[in-house]
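Working notes, beginning with the structure itself.
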Amino acid sequence: MKQTKNIKDILLFPFNGNAKEALTVIEDINKNKQTWNILGFLDDDPKRLNEQFLDYEVVGGKNALIKYPEAYILAVPGRPDNYLKRKNIISSLQLEPSRFTSIVHPSAIIARDAAIGTNCLIMGNTVLST
Numbered sequence: 001m002k003q004t005k006n007i008k009d010i011l012l013f014p015f016n017g018n019a020k021e022a023l024t025v026i027e028d029i030n031k032n033k034q035t036w037n038i039l040g041f042l043d044d045d046p047k048r049l050n051e052q053f054l055d056y057e058v059v060g061g062k063n064a065l066i067k068y069p070e071a072y073i074l075a076v077p078g079r080p081d082n083y084l085k086r087k088n089i090i091s092s093l094q095l096e097p098s099r100f101t102s103i104v105h106p107s108a109i110i111a112r113d114a115a116i117g118t119n120c121l122i123m124g125n126t127v128l129s130t
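As structure tokens, then:
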């Protein structure tokens with residue numbers, strides 16, 4: 001899928017509560033300035049395929065990344081039973097670090113000297129200070 005210079009494709013992984021929250025943050029970003037083209041969710045559970053949240057669906061598992069070679073990824077696993085495996089789950093996507101993006105809600109207050117890493121989700125009304 002060809003991206004315009006200002007609008008970037010994004011996939012959310014996996015289809016969970018964190019990804020649903022991320023989707024609402026991305027929609028709020030897009031209200032201010034159309035920045036992201038939300039392609040949908042990725043999830044390796046075949047029972048989740050085509051499941052929907054709002055206007056977006058699970059478009060496939062990790063294998064679907066082949067269909068979207070230019071899409072950015074926000075990987076937000078983190079159930080209580082797999083939280084400690086988060087790094088391994090994200091690594092299993094086998095993507096270059098440049099494919100991951102961070103999402104920051106427009107209402108977040110970020111100190112000038114704060115650094116936000118790769119693959120971070122900053123929710124609304126968050127304050128990151130020195």
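My numbering numbers the first residue of the sequence shown as 1 and each following residue consecutively. The C-beta atom is built at its ideal place from N, Cα and C for all residues, glycine as well.
Given residue i as reference, the closest of the options once Cα atoms are compared
| i | options | result |
| --- | --- | --- |
| PHE100 | LEU11, ILE7, ASN6 | LEU11 |
| ALA114 | VAL58, ASN32, SER91, THR130 | THR130 |
| GLU96 | PRO69, ASN50, ASP81 | PRO69 |
| LYS62 | ASP45, ASN50, ASN6 | ASP45 |
Bridge-paired residues (DSSP) for residue i
| i | result |
| --- | --- |
| ALA75 | PHE13 |
| GLY60 | LEU42 |
| LEU128 | ILE110 |
For residue i, the three-state DSSP class (helix, strand or coil)
| i | result |
| --- | --- |
| ILE89 | helix |
| GLU27 | helix |
| MET1 | Note that MET1 scores a pLDDT of 49, beneath 50, so its modelled location is shaky; the value from the coordinates is reported in the next line. MET1 falls in the coil class under three-state DSSP. |
| LYS8 | strand |
| ASN32 | helix |
| LEU121 | strand |
| LEU65 | helix |
C-beta contact flag for residue i and residue j at 8 Å
| i | j | result |
| --- | --- | --- |
| ASN32 | ALA75 | no |
Taking contact to mean 3 or more Cβ pairs, one atom from each stretch, closer than 8 Å, check whether the segment 102-113 and the segment 22-33 are in contact.
yes
With a cut-off of 8 Å, do at least 3 Cβ pairs link the segment 13-21 to the segment 41-61?
yes
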